[in-house]
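What follows is one structure encoded as structure tokens, with my remarks underneath.
In structure tokens, the structure reads:
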């Protein structure tokens, strides 16, 4: 067996069969409760309230959250239908070698978010220990907290869901408590939380401020929208279900209902925190607004929330990508460790001040990839994928020495234009990326490199769970075959 062939068949990147998918609608919903409570949400809320009243901040957040939730669900169908992860499917629009470049961009971004959220949680841990024992060493807390999260992720997706089941109800209750504590502090300072604005703007400036909040929300969650297949391949879904909405009901509940609600509530807390103490960081705000046992419980919520967010939204995607780059010699747990190292090297304690600006840049870059995935999967292949060749070094996805130029041109142009129009970066990135890729691939690249599922759009050959098929890849013997359920049950 050649190393080159092995490279595409890393065990951690093989398709997930139907019988191994164990996360249902409720499980994904509670995972979202934890994932949506993050430093970025508080920062967006604190930044938004500077120019707009809370009602408009909430409206902008809901619009951005629902919009990116829809994109998450659309792209997540790749994992639901075929059991494929993000870096594996990226071989289709970028090539078997080209997939590594945009994937690494996403992986490094996820690892940096891991570092940011770990730092945020470690300051809360340090505050709790200082309250209880007079201990004060946030850096030690940072490394210990990082290690616990990485260990939890290395144990697998089911351990993450169990942790989320435990953390979610606690997080919901304490979030309400935190909101009350901070709003009381703001009111005590003479600020009506629904009308107070630090530097109000009107007209075109108000619209721009509104769109910045929409795009910031989309930009933050664009990281997860791009590689939702890495998580959605573990979702339960009915076999032989051609109704897209019924097949993706797990995603729909989590990404379009639960996420916007929880994310908006966190934005509100960030805004109220800024009103209370002129700082959107609730760890700082709570230390001024609460004390004693109440303060300790509120800080504990922040710790649990960062833990839940990091494992599902950051470490799993990053580790999956790094495992893909490293091949079979780099198992998933090694990818987890690499994600942790990058998160530390990024020095997350220095990133908070530039967070909102960074979200607009990230949004443009990553929503261009989301647009390319949408055009490739839905518009060109119409959900039919030649999964066999995704794992073949000399198959149809090798293109020109492993590179799909149509994907790279669309990504670069989409990302550049999106950041030239930064107030609308996520929308521009998606539209330009998807439109340009569709034209280049359909009328140029796929003329040079024909795609089997486009030439012969057979359901039986190229659909997955919709026709009750699992993709089975025998990495040990380099044999690939598509088996129906009866065969899968016997292997």
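In our numbering, the protein residues as written are 962 to 1452.
Heads up, the beta-carbon is just placed ideally off N, CA and C, and yes, glycines get one too.
From a predicted model like this one, the values you see are computed outputs, not experimental measurements.
Limits of the alpha helix (DSSP H) - the one that residue 1300 falls within: 1293-1306
Would you mind reading off the limits of the alpha helix (DSSP H) that contains residue 1275? Segment: none, residue 1275 is in no alpha helix (DSSP H) and carries neither H nor E.
With distances taken between CB atoms, is the gap from residue 1335 to residue 1077 smaller than 8 Å? Their beta carbons are not under 8 Å apart, which means residue 1335 does not touch residue 1077 by this criterion.
Which residues mark the beginning and the end of the alpha helix (DSSP H) in which residue 1374 is found? First-last of the alpha helix (DSSP H) with residue 1374: 1366-1381.
Rounded C-alpha distance that separates residue 1196 from residue 1099: The straight-line gap from Cα to Cα measures roughly 37 Å.
Candidates 1111, 985, 1352 and 1063: closest to residue 1376 by CA position: 1063
Contact defined as beta carbons within less than 8 Å: I believe residue 1259 pairs with residue 1135. What is the distance between those atoms, to the nearest angstrom? 6 Å
Short Cβ contact (8 Å threshold) for residue 1257 with residue 1092: yes
Starting from the Cα of residue 1070, find the closest Cα among 1216, 1284, 1326 and 1082 and give me that residue. Closest option to residue 1070, Cα to Cα, is 1326.
Member of 1399, 1431, 1145 and 1295 whose CA lies at the smallest distance from the CA of residue 1114: 1295
Beta-carbon proximity of residue 1022 to residue 1209, cut-off 8 Å: no
When you compare the CB positions of residue 1026 and residue 1243, do they come within less than 8 Å of one another, or not? no
What is the C-beta distance between residue 1072 and residue 1304, in whole angstroms, given that I count them as a contact (C-beta under 8 Å)? Distance from residue 1072 to residue 1304 at the Cβ level is roughly 5 Å; contact confirmed, criterion being Cβ atoms closer than 8 Å.
If you count every other CB in all the chains shown that lies within 10 Å of the CB of residue 1194, and 16 or more means buried, which is it? buried
Please classify residue 1195: does DSSP put it in a helix, a strand, or coil? Coil.
Residues bridged to residue 979 by DSSP? Residue pairing by DSSP leaves residue 979 without any beta bridge partner.
Pick from 999, 1014, 1410 and 990 that is closest to residue 1264, judged by C-alpha positions: 999
One question on the structure: do residue 997 and residue 1224 come within less than 8 Å of each other, judged by their Cβ atoms? Contact: yes.
For residue 1432, which residues of its own chain have a beta-carbon under 7 Å away from its beta-carbon, when the five flanking residues on both sides are left out? 976, 1043, 1044, 1348, 1425 and 1443
Other residues of its chain near residue 982: CB distance less than 8 Å, five sequence neighbours each side excluded: 1044, 1194, 1195, 1196, 1197 and 1198
Let's test the definition: count the other Cβ atoms within 10 Å of the Cβ of residue 1086 and tell me whether it reaches 16, buried, or not, exposed. buried
Is residue 1152 near residue 1236, with beta carbons less than 8 Å apart? yes
Roughly how many angstroms lie between the CA atoms of residue 1011 and residue 1061, to the nearest whole one? 40 Å
Have a look at residue 1362 and residue 1386 and give me their C-alpha separation to the nearest angstrom. For residue 1362 and residue 1386, the distance between alpha carbons rounds to 32 Å.
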